[in-house]
Amino acid sequence: MIERQLWHPVIAGIHLREDPVAVELLGQALVLWREPGHEGAAGLVHAWADRCPHRGAKLSLGRVLHHLHGARLECPYHGWQFAGEVAARQGHGEPVTVGRSVHVPAAPAFEPPAAHCVDVFEAQEGHGLVWVRLERPDRSEVPATLCEPPAFDAWSDPVWRQVLCGPYEVGTSAPRLVENFLDLSHFGFVHEGWLGARSHAQVETGRVDEGPDGVKARECKAWQPRAYVGAEQGAWIAYRYDVPHPFAAILRKDAAEGDPVSNAIALFIRPDGPEACTAWFAMATLGDLSDDEELRDFQNAVFAQDRPVVESQQPKRLPIGKDGPVGEVHGPADRMSSAYRRYLARLGMSLGVC
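So my numbering is basically just the index in the sequence shown, starting at one, shifted up by 2.
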């Protein structure tokens, strides 16, 4: 299953502090926990199976201990303590973290064997989110660009202001939500008066390119009566889109005459099942005088318009093949979504598609 070999966002980094947190990814119960940081810096993040190997209790009900020899995760049932230790992956020699038992309170002199350990998964932080990968990639299946979380340069640029919006729990598949994000032609109807107008429904799909790195669209244009929070008049807005990951998409809108604001917005999605997902919008803006809460309120309002429509779509799984249970027809404005569907088919995606 290629989905298990990809990086997925699971939680906002600010929501992982001192206490362990339970999440689920692709049917795998996880406990996320953070080591104490130094001098105000955030500590290292861990993603382990949410099950103690001793008697199966949820480790997410336990606590993080500050120990002289490093942070430990304590089981809530019998107090067994586990530490992230770096070891060599058998047969490969690659460094890997293992959640080894290091202390059993009921038998303090007992030295737990190496087999007494928690299943550990790869985790890292980026774009304000914690990302987890359940399996190391098979390079014959997974393109090199998908062996890391999707890049979003504007998020790390100190000149831009960054704001994370979400999470949004949505009753549709992750591919349906990505396709909605790429769809310019719904602006004048779903977001009338905000991002579009029925009287200006025509859009320009620009140039769409497909390749091993995903889908790119350039020179896309739509007329918008309110292109950003502080806008007072409408304008034709030029967009650039990138789809670097099956469940992520990034748009870029540069400042132009009549619109002094540059925006970059990344949609990052955690697939919660074939017909459910959780989404975040990582926003980077330049020149917008609105405060962070105004930006979040604007994004919340726009997504509240999207939600009932995307949740109404049938089937909830995105049809990507001719043999799917329900066919869908395409129009001239659907070039980006059609390219996205072909991208999913080329990768052999199975979750959230039909």
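We treat Cβ as the ideally placed atom computed from N, Cα and C, and that holds for glycine.
Between Pro11, Trp35 and His56, which lies nearest to Leu27 when the distance is taken from Cα to Cα?
Of the candidates Pro11, Trp35 and His56, Pro11 places its Cα closest to the Cα of Leu27.
With a 10 Å radius around its C-beta and 16 neighbouring C-beta atoms as the bar for buried, classify His71 as buried or exposed.
exposed
Buried or exposed (CB count within 10 angstroms, at least 16 for buried), Leu320
Flag for Leu320 reads buried.
In chain order, what residues of the same chain lie with their CB nearer than 6 Å to the CB of Leu288, ignoring the 5 residues before and after it?
Trp162 and Ser264
Name the two residues that bound the continuous alpha helix (DSSP H) containing Ser292.
First-last for Ser292: undefined, no H or E at that position.
Would you identify the three-state DSSP class for Ile4, choosing helix, strand or coil?
helix
When the Cα atoms are used, what is the spatial distance from Lys223 to Gly29?
About 39 Å.
What does Glu76 pair with, by DSSP beta-bridge criteria?
Arg65 and Gln83
Which residue from Val66, Pro55, Gln316 and Arg6 puts its Cα closest to that of Gly329?
When each option's Cα is compared against that of Gly329, the closest is Gln316.
Unbroken alpha helix (DSSP H) runs of length 4 or more, entirely within the region 183 to 247: which are they?
Complete alpha helix (DSSP H) runs here, min 4: 189 to 192.
Going by the beta-carbon positions, is the gap between Leu297 and Met285 smaller than 8 Å?
Yes, Cβ-Cβ distance for Leu297 and Met285 is below 8 Å.
Considering only C-alpha positions, which residue in the set Val192, Arg6 and Asp294 is nearest to Glu124?
Arg6
Would you mind sorting Asp274 into buried or exposed? The rule is 16 or more other CB atoms within 10 Å of its CB.
Of the other Cβ atoms in all chains shown, 16 or more fall within 10 Å of the Cβ of Asp274; this residue is therefore buried.
Which stretch, first to last residue, makes up the beta strand (DSSP E) that contains Ser264?
Ser264 to Gly275
So, under 8 Å CB-CB, Leu67 and Ala59 are touching, yes? Tell me the CB distance rounded to an integer number of Å.
Actually they are not in contact, since the Cβ atoms of Leu67 and Ala59 sit about 16 Å apart, beyond 8 Å.
Considering Leu166, what are the terminal residues of the beta strand (DSSP E) in which it resides?
Arg163 to Val172
What number of angstroms, rounded off, separates the C-alpha of Pro115 from the C-alpha of Arg138?
25 Å
Pull up the distance between the alpha-carbon of Ala1 and that of Arg65, whole angstroms please.
Outside the displayed range of the chain (3 to 356) lies residue 1, so it cannot be described from this structure.
Under 8 Å between C-beta atoms of Phe305 and Tyr170:
yes
With distances taken between CB atoms, is the gap from Val217 to Ala49 smaller than 8 Å?
no
Between which residues of its own chain and Pro38 is the CB-CB distance below 7 Å, once the five residues before and five after are set aside?
Gly45, His68 and Ala73
First and last residue of the beta strand (DSSP E) that includes Trp35?
Start and end: Gln30 to Arg36.
Mind the definition here: the region 148 to 155 touches the region 237 to 253 only if three or more C-beta pairs lie below 8 Å; say whether that holds.
yes
What residue ranges within the region 93 to 166 form continuous beta strand (DSSP E) runs of no fewer than 3 residues, ordered along the chain?
97 to 105, 122 to 128 and 131 to 135
Same chain only: Cβ atoms within 6 Å of Leu32, ignoring 5 sequence neighbours per side:
Excluding residues within five positions, the ones whose Cβ falls inside 6 Å are Val25, Ala49 and Asp52.
Excluding the 5 residues preceding and the 5 following Gln164 in the sequence, name in chain order all residues of the same chain whose CB lies nearer than 6 Å to its CB.
Trp157 and Ala286
Could you spell out the range, first to last residue, of the alpha helix (DSSP H) harbouring Arg57?
Here Arg57 belongs to no alpha helix (DSSP H), and DSSP marks it neither H nor E.
Ordered along the chain, which non-local residues of its own chain (more than five positions away) have a Cβ less than 8 Å from that of Val122?
His48, Ala49, Trp50, Ala51, Gly86, Val98, Thr99, Val100 and Gly101
Using only the alpha-carbon positions, how far apart do Glu181 and Asp293 sit?
CA-to-CA, the gap between Glu181 and Asp293 works out to about 29 Å.
Closest by C-alpha distance to His129, when choosing among Leu166, Ser339 and Gly213:
Leu166
Where the beta strand (DSSP E) containing Arg254 begins and where it ends
In the DSSP assignment, Arg254 falls within the unbroken beta strand (DSSP E) covering Ala250 to Lys255.
Would Arg178 and Val312 be called neighbours here (beta carbons separated by less than 8 Å)?
yes
What three-state label does DSSP hand Gly350 in the structure shown?
coil
Give the secondary structure of Ile16 by DSSP, where H, G and I count as helix, E and B as strand, and everything else as coil.
helix
In its own chain, which residues sit with a C-beta less than 8 Å from the C-beta of Gln92, not counting the 5 before and 5 after it?
Bear in mind that a pLDDT of 45 at Gln92, under 50, signals an unreliable position, so the model cannot answer this.
Would you decide whether Gly190 is buried or exposed? Buried here means 16 or more other CB atoms lie within 10 Å of its CB.
buried
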